[in-house]
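First to last, the protein sequences are chains A and B. Each step along the first sequence adds one to the number in this note's numbering, with nothing skipped, and position 1018 is 1151. Each step along the second sequence adds one to the number in this note's numbering, with nothing skipped, and position 121 is 533. By construction, the Cβ of each residue, glycine as well, lies at the ideal position given by its N, Cα and C atoms.
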Amino acid sequence: MKGVDNSPTDREGMTNKPIITCAGDWNLFCTLEAPLVAAIPQDSCEWRRSYGRITKFVYLEASFVKFNKDKNQSELNLLKRPIFHIYWTDCVDIEYYKTTLREDIEAWLKYLEKNSITDWMIVLVETYDIRKTNKLLPRTTVLDKIKGEFAVKQTEDRFISVINPIKSEARSAESWRTLVAKVRHFVLVAYNKSLIKFEEYMREQREKRNDPEWDFCKYFILQEQLAFVLEMLGLYEEALVQYDELDALFSQFVLNSNIAESPKWLETFKQPVTSWQAVRLTALVPLNLRELIIKKKASLLDFRSYLFQRQSAMLLLTFKPWEIASRCLTTVHNTLVELTLLGAHAVDGAAACWAHLACVETLRACERLSSTNQALEACTAMHAPLLHNAKDKLHELGKLCGLLPGSPDPTSEQLHLVVMLSAGMGDSEPNNQQSPTDRLKEALCSKHSFQQYYLELAELAMGTYKHIGRLRFARHIGRDLASFYSELGETSKAVVFLTDALRSYEEQGWRELAAQTRLELIAAAHKMNDVDRYTKLSARIASTAELEILVRNFYFEEMLKTIREKLADKQETVLTELNDCFQIVSATLLPSERGVYITDNKIQCRFVVESHMPKDVTCSRVAISVEVFEDKQREKRTPVKSNKTDLSVSVSSQSNSPRKLTPESTSENESNTLVTSIRLDDLKPKNPLLNPMNITSKLHYKEDKTLQKATVECQNPKVTLKRSDSSKYRKPSATIRNNYETCFSTKDIVLRPGLNEITVEYIAKKCGRFKLGQVSLLVEGKLEFLSNALIASKMGYEVETQGVSVYLNKVEPKKDLVAGLEQEMELVVNSGSSKIQENATIVLRTSTGLQIRLADDNSQMSREISVPIEAIDPFQTTKIQLRLFANLQPKREKSIEHTVWLTCPWWEAATEVPLHFVPPISASWRLLTSNTRKLIHVTLKSSVVHPMRFLLSNPTLDCDANNNVSDLNPKNAGDLVVASDGTTASFMWELLKDPLVKAGPMKATFAVNYSITKEGTSRRFCCPFDIQDYTTLFVVRTKLEPGKGSDFCRASQVCCLQLTVQRVNETEHTSLMYEVLADQTMWAVLGRTAGVITMESRSAEGQSVSLDVMPLGAGYLPLPAVRLSKYIAANTRDPKKDISAHPRLEPFSPGQVYHAGKAKQIHVLPPAPKDHVDINV
Amino acid sequence: MAVCVAIIGKDNSPLYIGGIGNESGTDNELSRQWLVHTALDALEERLATTNTSNTNTSANAARTDLRDLYLGLLYSTDTHKIYGYVTNTRIKLVLVTSSTSPSGSNIRDAEVRTALRRLHALYADAICNPFHLPGDQIVSRKFDKQVKSLMMNNV
């Protein structure tokens, strides 16, 4: 009984203690009663039960009554019937026993036997006597006598002697304990017996439940006795089972009554309900209700209250308050259902009153217990639904009594109802605390207190739900609160709850609930006169497919109406989320005609929008904002200078775009590439469930090659079973309007329900990379729908400026530019994407030696001209013909480099164009010698690659003043032609000079006129050259003579080579070396091939040397060549000369030595026949 | 037997809600949706407790817990009782009975269990349709018909 405030002893007159009768010496017993009553509950006793039920240790109590023969109770009354009988005596005198006591006991036992009572005990109270203990024969006491007389084997232990504890406490302890233990034991044995009997009877009764005469109330009271006994024994759980059985039985009857014919007794519970008192959750037995049940005057609510209170009592005693809480709701629900099933008449609201009070009382009881208990958590979980129910019931009552906010003042009927209901609740228990009954009565009295109570309950319920994590319930209450607040006029509070709820419904895809909540929200917005919200919600509701079309149409019209009537004065547009009412399906940037988007040109974007609106809606403007596409890698790169152009003579494309990406950048830029067309469906992450599973079948074999099993195996379970984050709902916050200064736009589009294709356009002003941003649909000029759906898609385009391009081109690109001739070129100006204004001029400057003029006028060539450019439209080209002339330089170079600088008005710096020219012809000359005569040979050839021919005329060779040349050229030299196909022209002059006078070096200049055509202007080509050391100094002659005795030179015969060196002119070189350079296949030189000769400086006489040579073959053989060199001997005394240890040779210039026999040949006969020699041998 | 059944996806969004009964007063389609929606709270609570008990109790007990997909009565109101069932892939099946109707008030736990098991089978059949995308709402007319008959079955 610990922890329960009401101990069983002070129950309202109900004592279910086992009754023990006392026979025999009542006065004796009276002295012992107090200690006995106190002693019995002090210890537990093991209760062994039949039918294998669990053995329990129970604490007993007992109440003793005087044995009364006449007061015999039916054994079916478990509570009132004595359970145990004791005969008390303190007789010590055997004689007395024999005379009176024996008879008395006999009569008592007989009576018991007659009533088939086997639970009895005879107690002999002795006074402690030291002498007696020493007695050797124990069977001489009174007890022995009684035992001997009455005991049979089974009942031997029912005779007990106890030492009177009053008289000698010290000695009696042992025997007293035994007595108490025996009493406990026998009581329990007695209970076991009687319970078995009772249960049997109870079952019998229950089986009769389908009898028309059977009465549930009677049965209830019957079975409840068992519960009482079990409760008394402390077996609360088993007691609860009894009540639960009764509960179930009753419920079943009621439910069945709905289907089948209802039994007669059920009529009792159909009687009108007059009282709906709060249940009192204490361990006390509500006797008044029990009385009603016994008297069959209990209404359904009375009965249910009683039953619930009893069940709760059992749970209270076992400290399970949460169990009470959880049963409470079921009971309330069941009761309400039963009430309707039975059709018992009750005042409206009576049931609600009762249910409310039951819930609140349960809460109170739980709180009372939980505060001292650790089960607080378990209770809290159950509190929320109780509070919820209490709140709902209160609301119901409020509605009935006209207490809800917004309702008119209560009518007299309603006031009457309040009085009725308050009366039915009865008086609250006399307690200082305010009971739930008081609170409810108070709440029903005035609107104000009702609202206060209702809000208190609702907020508490919501808070508790949130605390235990039942957010959906909390939101549900939030909606109730919202409607309450809204009625109360505090719409802003309502809006908070509703938006909260709305968000959670949208998050989890409960569209219909969301739609419903939106309808509530719009009502609130209407009340608050929140035009913005009202308009937005109207649009949203109008496009909610879940709602009925009538509703949608209504709000569609509302939307248009508010826009026209209430928003017309507003400056700014009302922003809302586009995706609620429209859906962007796809978007495509239309490709430009030129392949790239160019500034000042139109870019078009076509996108498909699905309208969810029920009717056509006019969009006064459709726009997509444009954002600069930033990408970090690009920023790192230095931007390409917009006007830096790679102008070369060859055609080069000029563009400012960074489109020509280097190969590595294209690969790394994959994430940065802009897409031009998307379907928004494609952006959604692919459903992982749609991926094919990589599954293979496998056969497993046993060791003996028989099939063990066939399995299907997934190769990539990690991929397939990969946890995918459930897509969290994100609140789209598109209500921030982007900058629409640059945007694609179009005006006045009618969007029909369903798919619409809209083309928006934009004229690009700047170049760069851009992407599409926010989409905006402006409806009726005031309601603007915004969507950021496209932003994530990286959909964009690139605008390029094609700047003005200027090229200096050859007219005939394949031909080289030729210096010394007027060459045609053209200046090509491409306007790109911009216009070229009038009066634009390009200034061309040339490098030295290059002159330029316009082709169409015959102005003078100059090094700087300015070329006027006519005004042209974008993407037009204009060409200006130019003529260039590069001066011929006397240098003999392969090509001549020149530069043209272009200065254009639209570029800051001048552009350099390198040009290279080739000279038209080139000249080469040779000095020819014939003995002492000198001739100059000039050869001209063309150095131009492309086919070209020049006519030559008037060749001249001018020498220094003291030299003369004689022209050996034919006089019709004008016909000479030099062409690039290899045709050359040669000219010859003889140098006129005294052969014996040594001449110094001379300068000569060759000049010739050349022209393309005979009539055309001819220009002069000059070629200067220097001639040195050309005077002939020595003449070398060679002569071959046959050997001695021979007339002819024959092969393989030694001949004599006569070498003569004659000095023809003055020279300081006197020491000469000759070398015979014979062809070794033709000649064999015998002896020395070289030698040094010294010429007398004065003598004109030549030096002669003869050498033996042998021709190796027959025929006309060229004479061996002789080379003459200056011989500078070693150790020359002249200190000026180079001092060298060895002699050395220096060659003569060509023309200084003339070989007279250079081209001579000699006829060599074959070797003479030697036949006779052979014969001699 | 039942006035409403609902199939709710893993992410707690409804895949199918079917109801029968009079569309009057408090017992309409929408009110049943509220019931089903709030039932999710109780259902998740139930799942969470089984999960924690799984970790606490022995493996055997956990397995039996897991195997029983039927979660029993989730909660009840004055007029309705809401039962839950969850598949191994966390698809939640919710069945609502009306306690005011004679058939609904007298229903036994075992009947509800059987009904929910049958609903599970029907659901499995419905999503076996190769044209059905997992996670999408079930729009099959055949399924609807079958579910309706399942609900009517014990009426």
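task = Locate the beta strand (DSSP E) running through Phe1083 of chain A, then write down its first and last residues.
result = From DSSP, the beta strand (DSSP E) with Phe1083 of chain A extends over 1082-1092.
ask   = Thinking C-beta only, is Leu321 of chain A closer than 7 Å to Trp180 of chain A?
value = The beta carbons of Trp180 of chain A and Leu321 of chain A sit closer together than 7 Å.
key: Ser1282 of chain A and Asp1093 of chain A closer than 7 Å at C-beta   = Going by beta carbons, Ser1282 of chain A and Asp1093 of chain A fall outside the 7 Å limit.
ask   = What number of angstroms, rounded off, separates the C-alpha of Gly914 of chain A from the C-alpha of Tyr497 of chain B?
value = The straight-line gap from Cα to Cα measures roughly 52 Å.
Closer than 7 Å to chain A by CB, His449 of chain B = The Cβ of His449 of chain B sits closer than 7 Å to at least one Cβ of chain A.
query = Tell me which same chain residues have a C-beta within less than 7 Å of the C-beta of Thr467 of chain B, skipping the five on either side of it?
reply = Because the pLDDT of Thr467 of chain B is 48, which lies under 50, any placement of that residue in the model is unreliable, and the question is left without a value.
task = Could you pull out every residue in the same chain whose Cβ sits closer than 7 Å to the Cβ of Ser1075 of chain A, ignoring the five residues on either side in sequence?
result = Excluding residues within five positions, the ones whose Cβ falls inside 7 Å are Pro1053, Ile1054, Met1081, Phe1083, Val1111, Ala1112, Ser1113.
inquiry  = Classify Met826 of chain A: buried if its beta carbon has 16 or more other beta carbons within 10 angstroms, exposed otherwise.
reply    = It is exposed - the Cβ of Met826 of chain A has fewer than 16 other Cβ atoms within 10 Å.
ask   = Any idea what DSSP makes of Ala306 of chain A, helix, strand or coil?
value = Assigned with DSSP and collapsed to three states, Ala306 of chain A falls in helix.
query = How close, in whole Å, do the beta carbons of Leu433 of chain A and Leu472 of chain A come, if the pair is a contact with beta carbons under 8 Å?
reply = Their Cβ separation, rounded to whole angstroms, is 6 Å, which keeps Leu433 of chain A and Leu472 of chain A in contact under 8 Å.
task = Take the Cβ of His449 of chain B as the centre, count every other Cβ of all protein chains shown within 10 Å, and call the residue buried at 16 or more, exposed below.
result = His449 of chain B should be labelled buried.
request  = Please name the residue, chosen from A:Leu462, A:Ser725, A:Arg501, that lies closest to Ala491 of chain A on a Cα-to-Cα basis.
outcome  = Out of A:Leu462, A:Ser725, A:Arg501, the CA that lies nearest to the CA of Ala491 of chain A is found in A:Leu462.
key: Cβ-based neighbour list, Val1078 of chain A, same chain, cut-off 7 Å, excluding 5 preceding and 5 following   = Counting only Cβ-Cβ distances below 7 Å, and skipping sequence neighbours, we find Asp949, Ser1113.
task = Using a Cβ-Cβ cut-off of 7 Å, state whether Gln641 of chain A counts as contacting chain B.
result = Gln641 of chain A counts as touching chain B.
query = In terms of alpha-carbon separation, which member of A:Ala658, A:Lys851, A:Cys1188 lies closest to Met1215 of chain A?
reply = A check of alpha carbon separations from Met1215 of chain A across A:Ala658, A:Lys851, A:Cys1188 identifies A:Cys1188 as the nearest.
key: CA-to-CA distance, Gln584 of chain A to Gly622 of chain A, given in whole angstroms   = So the two alpha carbons sit approximately 13 Å from each other.
message = Taking the beta carbon of Tyr1249 of chain A as the centre, do at least 16 other beta carbons fall within 10 Å, making it buried, or is it exposed?
response = That one is exposed.
task = Report all residues from its chain with a CB closer than 6 Å to the CB of Cys350 of chain A; omit the five preceding and five following residues, and keep chain order.
result = Cβ contact annotation for Cys350 of chain A (same chain, cutoff 6 Å, sequence separation greater than five): Ile426, Lys429, in chain order.
request  = Please name the residue in A:Ala1184, A:Thr1072, A:Gln1195 whose C-alpha comes closest to that of Cys1155 of chain A.
outcome  = The residue with the shortest Cα to Cα distance from Cys1155 of chain A is A:Thr1072.
ask   = Mind checking Ala675 of chain A: buried by the 16 CB within 10 Å criterion, or exposed?
value = Ala675 of chain A should be labelled buried.
inquiry  = So with CB distances below 8 Å, who are the chain A contacts of Tyr482 of chain B?
reply    = Correct list: empty, because the minimum Cβ distance to chain A is about 19 Å.
request  = Return the residue from the list A:Lys278, A:Met335, A:Asp252 that minimises the CA-CA distance to Arg317 of chain A.
outcome  = Taking only the C-alpha atoms, the option nearest Arg317 of chain A is A:Asp252.
Counted within 10 angstroms of its Cβ, other Cβ atoms place His521 of chain A as buried (16 or more) or exposed = When all chains shown are included, His521 of chain A counts as buried.
key: Sequence ranges, alpha helix (DSSP H) only - wholly within the region 546-634 of chain A, length at least 4   = If you keep only unbroken alpha helix (DSSP H) runs of at least 4 residues inside the region 546-634 of chain A, you get 569-578, 580-600, 604-621.
query = Whose C-beta lies closer than 6 Å to the C-beta of Lys774 of chain A among residues of the same chain, with five residues either side of it excluded?
reply = Because Lys774 of chain A sits at a pLDDT of 36, beneath the cut-off of 50, its placement in the model cannot be relied upon, and the following sentence gives the value as read from the coordinates. Within the same chain, no residue comes within 6 Å of Lys774 of chain A by CB-CB distance, once the 5 residues on both sides are set aside.
ask   = Skipping 5 residues on each side, what residues in its chain have a beta carbon closer than 6 Å to that of Ala451 of chain B?
value = If we look at Ala451 of chain B and ignore the five residues flanking it on each side, its Cβ neighbours are Leu486, Ile494, Val506.
Rounded distance between the beta-carbons of Thr499 of chain B and His532 of chain B, thought under 8 Å = Contact flag correct, Cβ pair sits at about 6 Å.
key: Whole-angstrom distance between Leu414 of chain A and Ser196 of chain A, CA atom to CA atom   = So the two alpha carbons sit approximately 27 Å from each other.
key: Run of the alpha helix (DSSP H) containing Tyr244 of chain A, from where it starts to where it stops   = Looking at the DSSP string, the run of the alpha helix (DSSP H) that includes Tyr244 of chain A is 235-247.
inquiry  = Counting only Cβ pairs nearer than 9 Å, list the residues of chain A close to Gln445 of chain B.
reply    = Under the 9 Å cutoff, chain A gives Trp643, Glu645, Leu646, Gln649.
ask   = What span of residues does the beta strand (DSSP E) with Met958 of chain A cover, start to end?
value = In this chain, the beta strand (DSSP E) harbouring Met958 of chain A covers 955-963.
query = Do we get a CB-CB distance below 7 Å when we pair Ser510 of chain B with the residues of chain A?
reply = Residue contact check for Ser510 of chain B against chain A: no CB pair falls below 7 Å.
request  = Count the other CB atoms, across all protein chains shown, that sit within 10 Å of the CB of Thr1164 of chain A; report buried if there are 16 or more and exposed otherwise.
outcome  = Residue environment for Thr1164 of chain A: buried (at least 16 other C-beta atoms within 10 angstroms of its C-beta).
key: 8 Å CB neighbourhood of Tyr834 of chain A in its chain, flanking five on each side removed   = The beta carbon of Tyr834 of chain A sits closer than 8 Å to the beta carbons of Leu840, Gln841 from its chain, once the five residues preceding and following it are set aside; these are given in chain order.
key: Straight-line Cα distance separating Lys904 of chain A from Asn963 of chain A   = For Asn963 of chain A and Lys904 of chain A, the distance between alpha carbons rounds to 29 Å.
request  = Decide yes or no for the touch test of the region 949-960 of chain A against the region 923-936 of chain A: beta carbon pairs closer than 8 Å, at least 3 of them.
outcome  = The region 949-960 of chain A makes no contact with the region 923-936 of chain A; the number of CB pairs closer than 8 Å stays below 3.
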